[in-house]
Amino acid sequence: MINLAILASGSGSNAEAIIRYFKDHETIKVVLILSNNSNAGVLNRAKEHNVKSIVVNSEQTKQGVLFNELKNNHIDYIILAGYMKLVPKQIIEAFPKRILNIHPALLPKFGGKGMYGMNVHQAVVQAQEKESGMTIHYVSEHYDEGAIIFQEAVSLSDSDTPEEVAKKVLKLEHKNYPRVIEEVVNGKH
Ligand code: GRF
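Start counting at 1 in the sequence shown, then tack on 42, and there's your number in our numbering.
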């Protein structure tokens, strides 16, 4: 079995889509949800699906607790799904090409510092973009800078609010992230 850990800080709708997709998978299993936030919705979703979850705060992460949990649970791939903290260098170095992230825009546009959550969609609307989309990429030491694996765009209309853009993009995320993870694990990228 190839073991996945999902790191998430918020609602966890992507985490849930991934858990569902791999539920009866022959070779890939979501074995662990890690969150920095003890109030994160993702923890309830993990419980509903009987997936082990652990909260690791920033201080513990600095002390190597996150790294140890990944090792102790025999994790092969780390999936970031709305994880708001920087992944420590120690982890990035120990999992080369084995950490994926999803970003709710068409990188390199609308990426980098401050570009997370609704900020992204607000910026997209403000810039009067004709389209937005999602990007799945490998994680390097810098925010949103790892090699791009997959992108899909969606058209926007002039009247779309940031909330509407978020909804359109999230739909694409749920559709693509599990499938692209499977492809990466199977060596297709
Ligand atoms: C997604 O839009 C993802 O691209 C971004 O954070 C959001 C997480 O949503 N990084 P959810 O917690 O998976 O519902």
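Idealized CB from N, CA, C, for every residue including glycine.
Under DSSP, the alpha helix (DSSP H) around residue i begins and ends at which residues?
i: GLU111; result: 107–114
i: ASN228; result: Note, ASN228: premise wrong, no alpha helix (DSSP H); not H, not E.
i: ASN86; result: 83–90
i: ILE134; result: 131–136
Is residue i near the ligand GRF - that is, is its Cβ less than 6 Å away from at least one heavy atom of it?
i: ASN56; result: yes
i: SER182; result: no
i: PRO146; result: yes
i: ALA123; result: yes
i: SER100; result: no
i: SER53; result: yes
Mind checking whether residue i and residue j have CB atoms under 7 Å apart?
i: ALA47; j: ILE120; result: yes
i: HIS216; j: THR177; result: no
i: ALA88; j: SER80; result: no
i: VAL107; j: VAL98; result: yes
i: VAL72; j: ILE61; result: yes
i: PRO204; j: MET157; result: no
i: LEU122; j: ASN143; result: yes
i: GLY153; j: ALA50; result: no
i: ILE191; j: HIS231; result: yes
i: ASN78; j: LYS113; result: no
Residues in its own chain within less than 6 Å of residue i by CB, not counting five upstream and five downstream?
i: PHE109; result: GLN132 and ILE133
i: GLY188; result: HIS179, TYR180, VAL181 and SER182
i: HIS116; result: ASN45
Assign residue i to one of three DSSP states: helix, strand, or coil.
i: ALA218; result: For the sequence presented, residue 218 should be read as Asn rather than Ala. Helix at ASN218.
i: MET176; result: strand
i: ILE61; result: helix
i: GLN168; result: helix
i: VAL98; result: coil
i: HIS163; result: helix
i: GLU53; result: Reading off the sequence, residue 53 comes out as Ser, not Glu. Looking at SER53 - three-state DSSP - the assignment turns out to be coil, as it is neither helix nor strand.
i: LYS71; result: strand
i: LEU148; result: coil
i: LEU142; result: strand
i: LEU76; result: strand
i: GLU183; result: coil
i: LEU212; result: helix
i: LYS127; result: coil
Hey, quick one: how far does the beta strand (DSSP E) through residue i stretch, first residue to last?
i: GLU194; result: 190–197
i: ILE48; result: 44–49
i: SER80; result: First-last for SER80: undefined, no H or E at that position.
i: TYR119; result: 119–122
Between which residues of its own chain and residue i is the CB-CB distance below 7 Å, once the five residues before and five after are set aside?
i: VAL227; result: ILE44, ILE70 and TYR119
i: ALA59; result: HIS216, TYR219 and PRO220
i: GLY83; result: GLY52, SER53 and GLY54
i: GLU171; result: LEU198
i: GLU225; result: HIS231
Note down, in chain order, each residue of its chain lying with its Cβ closer than 8 Å to the Cβ of residue i, except the 5 sequence neighbours on either side.
i: GLY175; result: ALA147, LEU148, GLN193, GLU194, ALA195, VAL196, VAL211 and LEU214
i: VAL207; result: HIS163, VAL166, VAL167, SER174 and LEU198
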